[in-house]
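Participant: I'd like to ask you about the structure that follows.
There are 2 protein chains.
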Amino acid sequence: MERTRATPKPAQGGPAGPRVTRDAVLDTAMRLVMETGTEGLSMRKLAAELGVAVTSIYWHVGNREALIDELVERVLQDMGTIRVTGRTPVTRIVSIAQANRRMILDRPHLISLVRERGLESLMMLPARRALVREFAAAGVHGARAALAVQAVQFQVAGFVMLERALTGHPQEPAQVQAWLAEVAEGDPELADNLHTPGAPDALFDVAVRSMVESLLRED
Amino acid sequence: MERTRATPKPAQGGPAGPRVTRDAVLDTAMRLVMETGTEGLSMRKLAAELGVAVTSIYWHVGNREALIDELVERVLQDMGTIRVTGRTPVTRIVSIAQANRRMILDRPHLISLVRERGLESLMMLPARRALVREFAAAGVHGARAALAVQAVQFQVAGFVMLERALTGHPQEPAQVQAWLAEVAEGDPELADNLHTPGAPDALFDVAVRSMVESLLRED
DNA sequence: CATCCGGGTGTAACAGTGTTACAGAGAACG
DNA sequence: CGTTCTCTGTAACACTGTTACACCCGGATG
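Residue numbers (our numbering), protein chains in the order written: chain A, 1 to 219; chain B, 1001 to 1219.
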């Protein structure tokens, strides 16, 4: 009756099990995404990989959007809870931000999925909870807490969005390369540090720490 | 001989001009993107809109990737230079960040194009130049300048990436809504300010200002 | 036993995508 | 005249998400 059932018969001794289960579909879909990105995930490839016709996929998961929603939720669950370390409010909050960033950077396919489905708020939720808790523990409530939480998360998002793009990965647009060369004439150290990767980790720490300190100071 | 010529004969009185020019293709492509987003731009729709067969489009612009690259460059040129206002280094730098953010938010189609082609470094270039200039004028050079420029731009990127997603637009995932409801029980003002839009402008100002001040302080 | 029902699968199609091999028109030029 | 070059059209390939429809087959029910 209802589509996208949860594969009711887990082959409990009975002779007639379904040829694929909903979980098998999700597992294979996840593997495809991790190997080839979101663009590499097509319903036909997925079906072929499972040795099954396309319609079976649709029967189990509904459609592509629902499939991707489910994948996002899975990734978010499997990554567990945010680890908060440190004793002072500042270090604890910074550790959340770092964990948030690392968690995303370590799962490039997650970004790919999230972007396609517009689920960024889901992706930021775990760290969001932790931040609310820590700021409350530090005595920050109400509108000021909202501002603080958002400020930190916007910073995390900026890093994960840009730190690979701006930190000179191999094939930058010609205009950018030209500008970097121009900068290098006046201030070679600046050009070098704009271009080379490796900095982001320290940069992130400095940026978030100074911001959190300033957010906690004004009371 | 070479493909993707620049439409050499602008119909200079001569009887036989091409039915479409490269510029006409780009103009129409831009209109389609602004109306329907990147996904609404297909080579066939574009050709139909111009009353021409698909192959003409390919002859003029090469392929879809090249077309989008060209569109990005066009948008970036038409938006002119960054306006820097204010007298103190802090206000001048904050004004650059604001202009950078506004410029992107005012052109949602730009983000769409950039994301599809991975040209974020091109999108951030104009503000990047301005920031380098201002920080230099404020006496910040070398590695510290690189850190400062990147910190500011990462913040801008975070805002433009998340401020619409996190600031409760209509259809948030159920999990997020549930969490907001839960927060509202303990701290309704917090939940309200996490959810409602309108805040971003002030938030952005506070966040960037405090960060820039801290970046300029340590010398 | 026969019948029906419904879970799960397959065939084949529709409409759409980017891209290209190829043929052709028509002007320009030798 | 013949060749060359620019530009366009036809038609196809391989791919995408999605669905209408028929089918098999096991379990429940008559």
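The C-beta atom is built at its ideal place from N, Cα and C for all residues, glycine as well.
In chain order, what residues of the same chain have a beta carbon less than 6 angstroms from the beta carbon of Leu-1119 of chain B, not counting five sequence neighbours either side?
Facilitator: Val-1072.
Participant: At the level of alpha carbons, what is the spacing between Ala-99 of chain A and Val-33 of chain A?
Facilitator: Near 23 angstroms, if we compare the C-alpha coordinates of Val-33 of chain A and Ala-99 of chain A.
Participant: On the criterion of 16 or more Cβ atoms from any shown chain inside 10 Å, does Gly-1013 of chain B qualify as buried, or is it exposed?
Facilitator: For Gly-1013 of chain B, the predicted structure reports a pLDDT of 36, less than 50, and the residue's modelled location is therefore unreliable. A value from the coordinates is still provided. The residue in question, Gly-1013 of chain B, is exposed, as its Cβ has fewer than 16 Cβ neighbours within 10 Å.
Participant: Leaving aside the five residues before and after Phe-1159 of chain B along the sequence, list all residues of the same chain whose C-beta is less than 6 angstroms from its C-beta, in chain order.
Facilitator: Result list for Phe-1159 of chain B: Arg-1101, Phe-1204, in chain order.
Participant: Are three or more beta carbon pairs between the stretch 181-200 of chain A and the stretch 1184-1194 of chain B nearer than 8 angstroms?
Facilitator: With a cut-off of 8 angstroms, the stretch 1184-1194 of chain B and the stretch 181-200 of chain A do not count as touching, because too few Cβ pairs lie within range.
Participant: Please name the residue in A:Gln-150, A:Glu-172, A:Leu-180 whose C-alpha comes closest to that of Arg-1117 of chain B.
Facilitator: Answer by Cα proximity: A:Glu-172.
Participant: Can you pull out the residues from the stretch 1053-1066 of chain B whose beta carbon lies closer than 9 angstroms to at least one beta carbon of chain A?
Facilitator: Answer in chain order: no residues at all.
Participant: Let me see if you follow: with CB-CB separation under 7 angstroms, is Ala-1174 of chain B close to chain A or not?
Facilitator: No, its Cβ sits nowhere closer than 7 angstroms to a Cβ of chain A.
Participant: Residues in its own chain within less than 7 angstroms of Arg-83 of chain A by CB, not counting five upstream and five downstream?
Facilitator: Hits under 7 angstroms: Ala-99.
Participant: Alpha carbon to alpha carbon, what distance is there between Leu-1131 of chain B and Glu-49 of chain A?
Facilitator: Cα-Cα distance, rounded: 50 angstroms.
Participant: Identify, in the order they occur along the chain, each residue of the same chain with its Cβ nearer than 8 angstroms to the Cβ of Gly-1040 of chain B, setting aside the five sequence neighbours on each side.
Facilitator: Only Leu-1032, Val-1033 meet the Cβ criterion.
Participant: Cβ of Leu-26 of chain A versus every heavy atom of the ligand PLP: is any distance shorter than 6 angstroms?
Facilitator: Ligands are entirely absent from the displayed structure, and the ligand PLP is therefore not among its contents.
Participant: How would you call Ser-42 of chain A, buried or exposed, if buried means at least 16 neighbouring beta carbons within 10 angstroms?
Facilitator: Classification of Ser-42 of chain A: exposed, given that the 10 Å Cβ count is below 16.
Participant: If you reduce the DSSP assignment to three classes, tell me which class Ser-214 of chain A lands in.
Facilitator: If DSSP states are grouped into helix, strand and coil, Ser-214 of chain A belongs with the helices.
Participant: Got a sec? Which residues, its chain only, sit under 6 angstroms from Met-1123 of chain B by beta carbon, not counting five neighbours each side?
Facilitator: Answer for Met-1123 of chain B: Val-1114, listed in chain order.
Participant: Looking at the structure shown, is Gln-171 of chain A part of a helix, part of a strand, or coil, going by DSSP?
Facilitator: Three-state result, Gln-171 of chain A: coil.
Participant: Taking only beta carbons into account, state which residues of the stretch 1176-1188 of chain B come closer than 7 angstroms to chain A, listed in chain order.
Facilitator: Listed by position, the residues of the stretch 1176-1188 of chain B near chain A (Cβ gap below 7 angstroms) are Val-1176, Trp-1179, Val-1183, Asp-1187.
Participant: CB Leu-1162 of chain B to CB Ala-157 of chain A, shorter than 7 angstroms?
Facilitator: Their beta carbons are under 7 angstroms apart, which means Leu-1162 of chain B touches Ala-157 of chain A by this criterion.
Participant: Residues of chain A with a CB under 8 angstroms from the CB of Gln-1153 of chain B: which are they?
Facilitator: Those within 8 angstroms of Gln-1153 of chain B in chain A are Gly-158, Leu-162, Leu-166.
Participant: CB-CB under 7 angstroms to Val-1208 of chain B, same chain, minus the five flanking residues each way: which ones, in chain order?
Facilitator: Val-1094, Ala-1097, Val-1152, Gln-1155, listed in sequence order.
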